[in-house]
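Q: Provided herewith is a single structure, encoded as structure tokens, for subsequent inquiry.
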Amino acid sequence: MITLMPLPFDKSALEPAISAETFEYHHGKHHKAYVDKTNELVAGTDLEGKPLEAIIAASRGKDHKLFNQSAQVWNHGFYWSSLSPEKTRPSAELAAAIDSAFGSHEAMIEKLVTEGVGHFASGWAWLVSKGGSLEVISTHDADLPGEDAGVPLLVLDVWEHAYYIDRRNDRKAYLTAASELLNWDFASANHGSGERWTYPA
Ligand code: MN3
38 MITLMPLPFD KSALEPAISA ETFEYHHGKH HKAYVDKTNE LVAGTDLEGK
88 PLEAIIAASR GKDHKLFNQS AQVWNHGFYW SSLSPEKTRP SAELAAAIDS
138 AFGSHEAMIE KLVTEGVGHF ASGWAWLVSK GGSLEVISTH DADLPGEDAG
188 VPLLVLDVWE HAYYIDRRND RKAYLTAASE LLNWDFASAN HGSGERWTYP
238 A
């Protein structure tokens, strides 16, 4: 069984940037629905009981319905982990990589927000570590960076359900506020390990 990963903070911990009501829907309804649907789709198949990453890998490019649901489970777990009410800073190694790739921390944040604002329709804006450097990329709908796209360090959800309650159609206001809540301890751990985060079993 794939489980609904608990939020790593209280649902009101990121107010006013992201409201408790947004998390009630986004985690309690949207994320939960992706979990329930994934379990429903793998029930009775040889993917039942397999780790989420195995389900995503097996369905990518083959079973769109299962890929979309299972990838969304992973993406949301990664997104909750990418946010923090604490003031965090990149590790020295990650800070150096950010300066080298983007010029400054502020320029990297601007690139991430711009990528999210410019992304057409639903998707995700990612900071990834690829081939010894860092990149900002976006993916459509439920898609997540494949093995050839590097190791994800952080993500921001740019689906409307991430911000419509708080910001209506103002995606930029949401992304700007969320960019100040990024969990740099999480990003630094992903950067340091060089391994892809795994969804909690
Ligand atoms: Mn979402």
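Per this note's numbering, the sequence shown runs over residues 38 to 238. Virtual Cβ for every residue (Gly too), placed ideally from N, Cα, C.
#1: Just how far apart, CA to CA, sit L218 and E123?
#2: What does the alpha-carbon distance come out to for the pair V154 and E52?
#3: Excluding the 5 residues flanking S225 on each side, which residues of the same chain have their C-beta closer than 6 Å to its C-beta?
#4: Are at least three pairs of beta-carbons, each pair with one atom in the segment 139-147 and one in the segment 107-125, less than 8 Å apart?
#5: Three or more beta-carbon pairs under 8 Å between the segment 146-162 and the segment 77-95, yes or no?
#6: Report the three-state DSSP secondary structure of S230 (helix, strand or coil).
#7: With three or more C-beta pairs closer than 8 Å as the rule, is the segment 163-183 touching the segment 198-214?
#8: Is I39 helix, strand or coil when you go by DSSP?
#9: Taking 7 Å as the line, does the beta carbon of A199 fall inside it for any heavy atom of the ligand MN3?
#10: Do the segment 183-194 and the segment 46-60 make contact, defined as three or more Cβ pairs closer than 8 Å?
#11: Using the C-alpha atoms, what's the distance from R233 back to A80?
#12: Does the segment 98-106 come within contact of the segment 194-207, defined as at least 3 CB pairs closer than 8 Å?
#13: If I measure Cβ to Cβ from W111 and keep anything under 8 Å in the same chain, skipping five residues before and after, which residues do I get?
#14: Return yes when the C-beta of H113 is under 7 Å from any heavy atom of the ligand MN3, and no when it is not.
#15: Looking only at its chain, what residues have a beta carbon closer than 6 Å to the beta carbon of Y71, apart from the 5 residues adjacent to it on each side?
#16: For L78 and H68, I'd like the C-alpha separation in whole angstroms.
#17: Mapping DSSP to helix, strand and coil, what is K167?
#18: Using the C-alpha atoms, what's the distance from F46 back to M38?
#19: So, helix, strand or coil for G160, using DSSP?
#20: Which parts of the segment 182-216 are runs of the beta strand (DSSP E), unbroken and 3 residues or longer, counting only runs that do not cross its ends?
A: So, to answer that:
#1: Walking along the sequence shown from the start, residue 218 turns up at place 181. Walking along the sequence shown from the start, residue 123 turns up at place 86. So the alpha carbons of these two residues sit roughly 8 Å apart.
#2: By one-based count along the sequence shown, residue 154 stands at place 117. By one-based count along the sequence shown, residue 52 stands at place 15. If I take the Cα positions, the gap works out to 21 Å.
#3: For this step, residue 225 is matched to residue 188 along the sequence shown. Here the set comprises P127, S128 and L131.
#4: In short, these stretches do not touch, since the Cβ pair count stays below three.
#5: No, the segment 146-162 is not in contact with the segment 77-95.
#6: In the sequence shown, residue 230 corresponds to position 193, counting from 1. It is helical.
#7: Touching, no, given that fewer than three Cβ pairs across the two stretches are closer than 8 Å.
#8: Here the question's residue 39 lines up with position 2 in the sequence shown. In the structure shown, I39 falls within a coil segment according to DSSP collapsed to helix, strand and coil.
#9: As a first step, residue 199 must be located in the sequence shown, where it is residue number 162. Checking every heavy atom of the ligand MN3 against the Cβ of A199, one is found closer than 7 Å.
#10: Contact annotation: the segment 183-194 does not touch the segment 46-60, with fewer than three C-beta pairs closer than 8 Å.
#11: Your numbering for residue 80 matches position 43 in the sequence shown. Your numbering for residue 233 matches position 196 in the sequence shown. Cα to Cα, A80 sits roughly 26 Å from R233.
#12: In the pairwise beta carbon analysis, the segment 98-106 is classified as not touching the segment 194-207: fewer than three pairs are separated by under 8 Å.
#13: Residue 111 sits at position 74 when you count from the first residue of the sequence shown. Excluding its 5 nearest sequence neighbours in each direction, W111 has C-beta neighbours in its own chain below 8 Å: L89, E90, I93, L181 and Y236, listed in chain order.
#14: As a working mapping, residue 113 is identified with position 76 in the sequence shown. Distances from the CB of H113 to the heavy atoms of the ligand MN3 include at least one below 7 Å.
#15: Position 34 of the sequence shown, counted from the first residue, corresponds to residue 71. Listed in chain order, the non-local C-beta contacts of Y71 below 6 Å within the same chain comprise Q106, Q109 and V110, local neighbours out to five positions each way being set aside.
#16: Reading the sequence shown from its first residue, position 41 is the one you call residue 78. Reading the sequence shown from its first residue, position 31 is the one you call residue 68. Using only the alpha carbons, I get a separation of about 16 Å.
#17: Residue 167 sits at position 130 when you count from the first residue of the sequence shown. In the structure shown, the three-state DSSP call for K167 is strand.
#18: Residue 38 sits at position 1 when you count from the first residue of the sequence shown. Residue 46 sits at position 9 when you count from the first residue of the sequence shown. Taking C-alpha positions only, M38 is separated from F46 by approximately 23 Å.
#19: Looking up residue 160 in the sequence shown gives position 123. For G160, the three-state secondary structure derived from DSSP is strand.
#20: The qualifying runs are 188-194.
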